[in-house]
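In the working numbering, the protein residues as written are 94 to 385. What follows is a short report on a single structure.
This is the structure:
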């Protein structure tokens, strides 16, 4: 397919690279032109200086940008230039509201819009093992799913426009709770004077096991927090979750608390640390003479 890809950051760049490896023609656009030019030269893509240039005649327009406003701007600039019957796939994590708005705007021009946030982080993007949760027209998704499989191990249709973003919110709620529990467990083990490696071996084969435990227990214990998905991004995502919860009447006490804990991590200088840095606020407290 003739594809345009907007947003060549830590997630978008490897995803777009996988599309080229799958023999698609890909025009790459990034707000920083030098980044897009370097990506094109490194991987054999076509450099596009503007959204309109990237979108010209594209059958599939993929974007992975920053927030609701970015999505609105990029989609509005792309729509007049896409091929008839094109599909827009938005991998940005946004509100469900903007997904519905963009779906309506796209439909008015004969284009399908799929909100398709991903899970798997930078590592999943690099290895082509992302999970995609998609909202929008099922037939449109089925047309482009074989293409998305270049970087996705799973693509799940969740319902109408916005359903993909709502599912991603569920994902982030789960992560927030699990990571906080894991941070407290590591902290407790250290305060109790236990060998954290031995503790991991003891508890990781039973009901406490999780992806986060298998991948972040050791690095949490060592105070290493440089694994991709930044605290700033997580706070943005949790803000979307809490906004939606106020609308639909959900009660998310733990999620709201963990969001505040991440604000403490930011105050420690951890805005760009990864989400497992919830452990850092506990480690910092344990060094205080009062212990609080």
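Built from N, CA and C at the ideal position, the CB exists for glycine as well.
Which residues in the same chain as residue i place their Cβ atom closer than 6 angstroms to its Cβ, once the five residues preceding and following it in sequence are excluded?
i: residue 136; result: 110, 113
i: residue 141; result: 120, 122, 147
i: residue 97; result: 120, 147, 148, 151, 154
i: residue 297; result: 306
i: residue 288; result: none
i: residue 223; result: 211, 213, 217, 244, 245
i: residue 128; result: 101
What is the rounded straight-line gap between the Cα of residue i and the Cα of residue j?
i: residue 251; j: residue 334; result: 17 angstroms
i: residue 230; j: residue 199; result: 12 angstroms
i: residue 243; j: residue 108; result: 8 angstroms
i: residue 181; j: residue 126; result: 22 angstroms
i: residue 365; j: residue 307; result: 22 angstroms
i: residue 203; j: residue 106; result: 28 angstroms
i: residue 352; j: residue 115; result: 39 angstroms
i: residue 174; j: residue 330; result: 30 angstroms
i: residue 347; j: residue 176; result: 45 angstroms
i: residue 301; j: residue 310; result: 12 angstroms
i: residue 385; j: residue 256; result: With a pLDDT of only 43 at residue 385, under 50, the local geometry of the prediction cannot be trusted, and no value is derived from it.
i: residue 194; j: residue 313; result: 40 angstroms
i: residue 268; j: residue 261; result: 11 angstroms
i: residue 187; j: residue 162; result: 9 angstroms
i: residue 336; j: residue 134; result: 41 angstroms
i: residue 225; j: residue 209; result: 6 angstroms
i: residue 206; j: residue 183; result: 8 angstroms
i: residue 357; j: residue 170; result: 38 angstroms
i: residue 323; j: residue 197; result: 32 angstroms
i: residue 219; j: residue 237; result: 20 angstroms
i: residue 295; j: residue 315; result: 18 angstroms
i: residue 319; j: residue 266; result: 21 angstroms
i: residue 299; j: residue 293; result: 11 angstroms
i: residue 89; j: residue 201; result: In the structure as shown, the chain begins at 94 and stops at 385. Residue 89 is therefore absent and cannot be evaluated.
i: residue 165; j: residue 172; result: 11 angstroms
i: residue 124; j: residue 286; result: 49 angstroms
i: residue 191; j: residue 377; result: 38 angstroms
i: residue 247; j: residue 361; result: 36 angstroms
i: residue 143; j: residue 258; result: 27 angstroms
i: residue 303; j: residue 145; result: 43 angstroms
i: residue 350; j: residue 332; result: 12 angstroms
i: residue 328; j: residue 275; result: 18 angstroms
i: residue 279; j: residue 321; result: 21 angstroms
i: residue 341; j: residue 178; result: 34 angstroms
i: residue 215; j: residue 104; result: 6 angstroms
Please classify residue i as buried or exposed, where buried requires at least 16 neighbouring CB atoms within 10 angstroms.
i: residue 281; result: exposed
i: residue 273; result: buried
i: residue 369; result: buried
i: residue 240; result: buried
i: residue 277; result: exposed
i: residue 387; result: It is not possible to answer for residue 387, since the shown part of the chain is limited to 94 through 385.
i: residue 326; result: buried
i: residue 344; result: exposed
i: residue 339; result: exposed
i: residue 185; result: buried
i: residue 234; result: buried
i: residue 383; result: Confidence is the limiting factor: at residue 383 the pLDDT is only 40, short of 50, which leaves the residue's position unreliable, though a coordinate-based value still follows. So residue 383 counts as exposed.
i: residue 263; result: exposed
i: residue 291; result: exposed
i: residue 367; result: buried
i: residue 228; result: buried
i: residue 138; result: buried
Pull the bridge partners of residue i from the DSSP assignment, please.
i: residue 122; result: 99
i: residue 367; result: 323
i: residue 343; result: In the DSSP output, where bridge partners are listed per residue, residue 343 has none listed.
i: residue 223; result: 245
i: residue 228; result: 208, 252
With a CB to CB cut of under 8 angstroms and the five nearest residues on each side skipped, what residues in its chain are close to residue i?
i: residue 354; result: 273, 371, 374
i: residue 359; result: 324, 325, 328
i: residue 270; result: 347, 348, 351
Within its chain, find whatever has a CB closer than 7 angstroms to the CB of residue i; leave out the 5 residues flanking it on each side and keep chain order.
i: residue 94; result: 117, 152, 153, 240
i: residue 130; result: 140
i: residue 167; result: 99, 144, 156, 158
For chain B, find out if any of its Cβ atoms is closer than 8 angstroms to the Cβ of residue i; answer yes or no.
i: residue 106; result: Protein chains in the displayed structure number just one, and chain B is not present.
Beta strand (DSSP E) runs wholly inside the stretch 137-215, at least 3 long, in chain order: If we require 3 residues or more, the beta strand (DSSP E) runs fully inside the stretch 137-215 come out as 153-156, 180-183, 205-208.
Every unbroken alpha helix (DSSP H) within the stretch 282-336, with a cutoff of 4 residues, ordered by chain: 289-296, 304-315
Any alpha helix (DSSP H) of 4 or more consecutive residues that is wholly inside the stretch 242-276: none
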